[in-house]
Each structure stands twice: as structure tokens, then as C-alpha cells.
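Since the structure comes first, as C-alpha cells, the remarks are kept for the end.
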Amino acid sequence: MMSDGGFADMEQHNGMSVTPLLELRDVHKKFPGVHALKGVSFNLKPGEVHALIGENGAGKSTLIKIIAGVYDFEGTYLVEGQPAQISSPSDAIAKGVAVIYQEFNIAQDLSIAENIFFGALPHDKFGRVRWKELYRKTSEYLEQVGLHEDPRKKMRFLTVAKQQMVEIAKALSRNAKVVIMDEPTSALCGSEIENLFALVRKMKSRGVGIIYVSHKLEEITELADRVTVFRDGAYIGTDPIAVLDEKAMISKMVGRELTNMFPKRSAHRGKLALEVKNLSTHKVFNVSFAVHEGEIVGFAGLMGAGRTEMTHAVLGVDHRMHGDVSIYGVPLPPNSPVKARKMGVGLVPEDRKKDGIFADLSVSDNMSIVSLDEVSKFGVIHGKDESGKIDSLIRKLTIRTPSARQKISKLSGGNQQKVILARWLLKKNLKVLIIDEPTRGIDVGAKAEIYSILNELAQQGLAIVVVSSEMPEVMGVCDRIYIMAGGTITNELQKDEFSEETILSSCIDIHN
Amino acid sequence: MLCKRVQVYDKQCQMGEIVVNPNVQEEKKNSGRLHGRLAKMAESEHAALLLALLVLVVVMSFLSPYFFTQHNIMNVLRQVSLQAIVAIGITMIILSGEIDLSIGSSQGLVGVIALMVLNATDSLFMAFLAAIALGVFIGLINGLLVTKGKINSLIGTLGMMTIIRGAAMVITSAKAVQTPLKSFKVIGTGYWGPFPIPVIITVVLALLFYFILHHTTFGRYIYAVGGNGEAAKLSGLPVGRIKLTSYVLCGALTALSAYILASRMNSGQPNAGVGFEMEVIGAVILGGISLTGGVGSLIGALIGILILGVLSNGLILLNVSSFWQDIARGAVIILAVYLDTYRRGKQQQKLVQATK
């Protein structure tokens, strides 16, 4: 219905004729061996939020990179109805396209002002920077996005949410007409997300077109005007949000009805597995909690509430100042992640790429790395023992890889996550599994699989800690939830007390 | 540099049947036996390097009639064995994500100390023991600076490099230490059958450390620690211990190489090994060891050493001045790394595109 620019105007419900800010027609993108985009068409109107959804690998990122001028392609690219030659990112920027990537392009040690005007600092004819003008202009843009910070402040001292606002201010400063946001809320929580939405609506009201990529369907329902769905590089369709509910979106994305994301839990609490008493590091204060055999315990909280730092405190990655950690009553010595591993405590970290995978190693090497000492004598590995178990775990967790020898970096995010899970499952004496953001950046299908794996593990008697910023996730997966704020635990909720309102209000209480 | 080599030629003598590059053949056979599937991968990965080595050998054989004689081939192998032994150590350190610039200076100090102990005790064993002990000690200091002191290894070992060189000069007042003991020369200049003893030592060590890198927990941890230190730490791998062990092993291997060098020169030279670190590091990088850590293989590193060794030898035979040799070596390293970066870039592109 939108393959032709002439007809695109007519489909406006209000009858007004509007030229799309940006339009792509019949775009193909082929990589060696992969047909990544198969005849995709897409347009963006002024003042609309256009959501792109699809499972990982569906082609969203490829389309974004084509729009941003990172990739070349076959097809037509129109800007405000005129054919445009976009062959590099700077071409796209010149046409008013700004991209806010999942991992921001930030110079951490430069000031907010320098980041906003990166490459376009106001200067005199001798090349000297006009600092006063720079700071004055920066303040104006910060005002527009509602960020009250000193323009001289270094980026590294800002929270992720604030850094993102700076990125948006940067887009505004460049007079961007098209703003692409890739998973903008993946690192935000509660009030920060509300803030971001308000900002998006403000840009929208000024006629900026926003391309919004997200896995979080409830956000899309709230924010988007139209939704385009991709599946396996194919264009599935574009619909106004009014005619799509979450169920319809999911079934379009996966090509099937997804009935039950969260498996039914029948928790039977066993012995006390992990006990943390008055634990303090320089980042968390006086944290006490307990996890029993067969239990999945959640940690909710805002970004920066100290949840990841809590996991580091338990493992001994951060220096322990006070408190005790014990595993089945045996004290875990401080400051030794090696001891924690040997005593059967495993961590699946938040940032898979940075802290989880060994990108240059194979799937099997990634899996066996924490349990090598179990299959070796005097440091010499007898390889036969491990390979059988690795193959059976690959089958059991349905890790999609051509072979165990495949480099892990060639797998999709969901499959990488399963490999890191398998890494700990390979360990014979695993007692406590801590998972930080189990499904960040993972598509819907793999999410459901990971939930059911966690459920099964708990049923087998493992004690599991789940740190998550996704409300439905903590509520759906966990038996009990601890709420953290300001580096300490502020509340504990039992299953019958779970509700988004209670959790959110506990998150925010101390924060403000 | 040139003088050292010429001195060595004079001491060569003829022996036995003709063997072409026993090092390379040994390694190929060995890897095939140890690990069939891995060897296949390694072979394809090293195909370009081996081809380069082959082309170099063929070209040099045409340019100099003397090049492809048994005498000269053994000479090249003896020459590169000094670097190859250290290359094994530095490969482990670079794989673990660190660097060691002090290996050249260590060669100087270890040689001097070995000769002083030899002269004081008249015992080859004590001299050898002192050399290895000093190497281990230097490795330990380097390793502690990096793991406990949290000092960037480039800076820490740069400091150690000048300290050690200074110490060698102070101890000897910058004069060589000689020995009247005839038997000292054997390890550096002797033969076992047709093979120079240092070559035998190198092959044995190469086999041993190939096994360590591929079939022990220590070896597998090295790749993990160098590939992603943060992930290694969070997974509870003994990051500090792995790095420290690599430094100690590299220190010991460097000391062994220094001892052989001193034996060949029949003296301890306080300025031995100047620029040696760059030769060895350059060669292993040429052999595909990534400076960022976690990527590369010992086989590749040793082929890199052979390529630079053959190149140097050929240029000497062709009477190219030592200054031009330096320029040629540098150019080859830059070219090789450029080609490698280019190849990796292509691969990366494919990878990014394939996974989107």
C-alpha cells in the first residue's frame, strides 16, 4: 500500500497531502550468502513515530544502517520526495538523519557541549573555539530536552539516561528531521522512560519523524503511530497502531501465535542456598537477602540502583567492606570470583558482548571455560569428557549453531545468551545462578525459551537470582522480588503482592 | 648486529644429509597427530604464511647459490632458534593481552650474570641455574607490576627494560665478561647428529608449549583472559595468576635463550639483545598473534620468526648493508600486519553483514 509515493499521500486519514520525510522503495541488501533485505519499502511522515519490529536478525538493523548511510543497497532512497544519493553517514547527516544507536557514540572524557557540537564546534577564523557561544548554545539545547546539567560536565559523570538525552540534544542541534532510535529504553527504567517518551512526543509535535526500534511491545503500543513488521529480511506489512494489539504484533513477528511466554511456576522452596548478610562494597550498602533451592528470586530497580553492583559484590569482583556471603552455610571468602566459581556460583552478566562472550573463541570453548578444571588432571584436559556434554547441551537448549566449533560471535544474541547459560550448566557443582538482564536484546521466541530453561533449572533445585529491568519479566519469572534503590534493598515482595504499580513505586520512592 | 652473525658463520661446520626446514615439517606433522581437526584449521590459517616463507626460500635460493646449502640452512635455524625460544614466551604474554618489552635487556643481563657465576663457581650447572633463576625473577617482577601493581604492561616493562639494561652496564662497567672454560660453548655451538643443539631445544620447547597452549587449562585460560579480560574475571577465571605465570615462563625462556647466546659468543655482553624485543614481537605479530590479545597460534608465531630469519640471512648473503636490512625487516612487518588487518577487516565485514 505504500510502494508508490503518489499513493502514499492519499492514504493519509485526515486527507491532508503530506510528502514523506523519507521513503525507501523496494530495497534489497545482499551479503555474501545472506539476502538480508528482500524488497523492503518504508516511509516516514513528518510528526510520526514509526516503529520497526521483528525478531533479531529480521532486518531492522540493516534497514537502519541503510537509512543512516552505513550500508550501500539496491533500491530507491527518497528524501522529501526527491531521489537522494546517500552513500555515507555524512550524506545522511546532511539530509537531516540522526541515529541514536543502542551503544551511544560518546566521547566519555569530553564535555556535554563538546559532544553535542562534535565536529561542528563554533570557532573564529583562526580555528579558536568560541567557548562562551558553545556553552550558551548547549544550554539552549539542554533546556529543550529538559536536562539540567552544566554544559562543561564530562559525559562520563552522567547516567545512561542523561547521556541519551544529550544524544537527542545533539540530534536537535543538527536540525534533524529524522531521528532513529534503536532500543532507546533498553538501559532505562520507570521515570526515565516516561521522560524519554515525553521528549519523543515533543519532537513529534515539531514535525520530526521518529523511527523507533524496540523489542518492548507495550512501549510501541503507547508511543507509535504506525508499525512496520519484518521477518527474516522480508517486509511483512505496515499498519496503524490502532489496528494492532500486542498479540497481533507478536504473531506477525514470529509468524505464529505465541501463547505463553512465561511457564507456570510451581515453586517448592528447598534448603537455604545463598545467604547474603549486611553486604557492603563501595557501591552497595548493607544488602541482605536469601535464596532457596528451587527458587527464582528477582531484583528490580531503576538504572543505577545498584543491582549489577550487587551481583559483583556477591561474587567478590568488587572489594567487600562488610558482611558475609554463604553458600549452603559455607562462607564464601571475600574478593575472590575464582573461589565463587569453584563453590558453584555462576554469573550471566548484563552486557553479553562486553562481559560475557569470548568473541574469538568457539561455542564449545565458550561453554567449557568455567568447568575445565573438572575435566582435567594436573592441568591437562582430557577432551573427550567435555565434548559429549557440550553437544547434548546444545541440543537441550536448542542453540542454533552449525557446529560446536563455530565462533560464538557468529551466533545471534539469543543463541549467545544460551551458550553463556550453558557455560554454567556444564559445571557439575553449580549451586547458585545469577542472571543479570536475562533477555536484553533478545527476540521474543528466544525469550520464551530462556524463561522455560530457567523454570526447569529451578525445578531441578538450582537457586536462581534474576536481575531485570523489564517489569513483565520479573513478575512472570520470579517467585519473590527484592527492590533496590540507591545501592540498597528497599523492599521485598511476595508473589501475591506483585503488581507493576507496587514495584514501580518502590523503585522510585527513595530515588526522589 | 651484523658482526654477531658473521662471527657465527665462521664457526659452522659441515655434517650429514640435506634436510629442508625441519622446524616447519616437524610442526605440521606434530599438529596433525595431536589434533586432526584443529590442524586443518591451522593449516588454512597459516597457508599464506607458509607460502610467503616458501617464496622467500625459493627467491633466496636463486639469488644466492650459497643459500640453499645444508651449512647455511642449519645456520639459519641456529640463528632463529634464539628468537624462537623467546617467541614462545612472548606469544603467551601477548595472547594473554599484555606485552613484555624487557626481553632484549634481559638477554644482556642474564648473559652477564651467567658468565660471572660461571667464573666464580666453574660450574656450568650453577651458571645455568643462575641464568634461569634470574629470568624467573625478572618475569615475576614484570608480572607483579602488571597484575598487582595494575601498571599498564607497555609502561611497566618499558621501565624494566631500561632498568635491566642499566643494571647490566653497572655490573660490568659496560665491558664483556669472558670465560676460559671451553665446555661453555657446547650448548650454543654444538651439534646433535646433523642438528645444532639450540634447534633441538627449540623443537622440543615448541612441542611442549603447543601442548600446553592447546591441552591444559592454563593454555585455554590464556586465550580467554586475553580475548576478554572482563568476561574472564566475571566468570571466575584466575586472571592475575594466568598473566603472572605467562610472565614467569617468558622470563625463564628468555633466560634460556640468553644463556645459549652467551654460549655462542663465549662471553656475556652487557649490550647483547639491544632491539631484540622489537625483532621478536614484530615476528610473532607477522605470524598472526594479535596485539589486542586472545588471537593467534604458536605455529604462526614460529613461522613468523622463520620468515624474518630467512630474510635476514638472505640479505646478509647478498651483501646488503645492515642498515638496509633493518629497513627491509620493518617494511615486511608493516606489510604483513597491513595485509592481516585487511583480511580481518574483510572477514569482520562479512561477519557483521551475515549476523546483521
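Top line first, the protein sequences correspond to chains A and B.
Letter by letter, the first sequence follows residues 91 to 602 in our numbering.
Letter by letter, the second sequence follows residues 762 to 1117 in our numbering.
Backbone N, C-alpha and C fix where the C-beta goes; we use that ideal spot for every residue, glycine too.
Model, not experiment: these values are computed from the prediction.
- Around the beta carbon of residue 807 of chain B, 16 or more other beta carbons lie within 10 angstroms, which makes this residue buried.
- Contact annotation: in the region 971-992 of chain B, residues whose CB is within less than 7 angstroms of a CB in chain A are 976, 977, 978, 979, 981, 984, 985, 988, 989, 991, 992.
- In the three-state scheme derived from DSSP, where H, G and I count as helix and E and B as strand, residue 305 of chain A is classed as coil.
- With the rule of 3 Cβ pairs closer than 8 angstroms, the region 910-929 of chain B does not count as touching the region 1058-1066 of chain B.
- For residue 460 of chain A, the neighbours in chain B by C-beta distance under 9 angstroms run, in chain order, 996, 997, 998.
- Contact between residue 1016 of chain B and residue 892 of chain B holds, since their C-beta atoms are separated by about 5 angstroms, short of 8 angstroms.
- Note that the C-beta distance between residue 202 of chain A and residue 243 of chain A is below 8 angstroms.
- For residue 571 of chain A, there is no enclosing alpha helix (DSSP H); the residue is found in the beta strand (DSSP E) stretching over 570-575.
- Taking the beta carbon of residue 469 of chain A as reference, the chain B residues within 8 angstroms of it are 977, 978, 979, listed in sequence order.
- Close to residue 444 of chain A, with beta-carbon spacing below 9 angstroms, are these residues of chain B in chain order: 989, 991, 992.
- Residues of the region 1050-1074 of chain B with a C-beta atom less than 8 angstroms from some C-beta of chain A are 1055, 1056, listed in chain order.
- If the five residues before and after residue 125 of chain A are omitted, its C-beta is found closer than 7 angstroms to the C-beta atoms of 323, all from its own chain and listed in chain order.
- Residue-level contact by beta carbon holds for residue 430 of chain A and chain B, with a gap shorter than 8 angstroms.
- For residue 320 of chain A, the uninterrupted beta strand (DSSP E) segment begins and ends at 316-321.
- In the DSSP assignment, the residues bridged to residue 1029 of chain B are B/938.
- In the three-state DSSP reduction, residue 109 of chain A falls in the coil class, being neither helix nor strand.
- Taking 8 angstroms as the threshold, the shortest C-beta distance from residue 463 of chain A to chain B falls below it.
- The alpha-carbon separation between residue 219 of chain A and residue 189 of chain A amounts to approximately 26 angstroms.
- Secondary structure of residue 846 of chain B (DSSP, three-state): helix.
- Selection B/980, B/1021, B/860, B/902 evaluated against residue 1053 of chain B yields B/860 as nearest (Cα-Cα).
- Annotation for residue 1051 of chain B: 855, 1057 place their beta carbon closer than 8 angstroms to its own, counting only its chain and skipping 5 residues before and after.
- Under the three-pair Cβ rule at 8 angstroms, the region 1020-1033 of chain B counts as touching the region 942-952 of chain B.
- Residue 314 of chain A places its beta carbon less than 8 angstroms from that of residue 139 of chain A.
- Secondary structure at residue 134 of chain A: strand, using DSSP grouped into helix, strand and coil.
- In this structure, the beta-carbon distance from residue 429 of chain A to residue 464 of chain A does not fall below 8 angstroms.
- 146, 147, 148, 149, 150, 151, 152, 155: these are the residues of the region 128-156 of chain A whose beta carbon lies less than 9 angstroms from some beta carbon of chain B, given in chain order.
- Under the three-state reduction of DSSP output, residue 375 of chain A falls in the coil class, being neither helix nor strand.
- Less than 8 angstroms separates the beta-carbon of residue 986 of chain B from that of residue 857 of chain B.
- The region 1006-1016 of chain B and the region 450-460 of chain A do not touch, with fewer than 3 CB-CB distances between them shorter than 8 angstroms.
- Across the set A/384, A/149, A/389, A/383, the C-alpha of A/389 shows the shortest separation from the C-alpha of residue 377 of chain A.
- Fully enclosed alpha helix (DSSP H) runs of no fewer than 4 residues occupy 990-995, 1000-1026, 1037-1047 of the region 983-1054 of chain B, in order along the chain.
- Residues 249, 250, 251, 277, 278, 279, 282, 559 of the same chain have their beta carbon placed closer than 8 angstroms to that of residue 393 of chain A, with the five preceding and five following residues left out of the count.
- Residue 407 of chain A belongs to the set of residues whose beta carbon lies under 8 angstroms from a beta carbon in chain B.
- At least one CB of chain B lies nearer than 8 angstroms to the CB of residue 449 of chain A.
- DSSP links residue 953 of chain B through a beta bridge to B/956.
- Residues of the region 283-316 of chain A whose Cβ lies closer than 9 angstroms to any Cβ of chain B: none.
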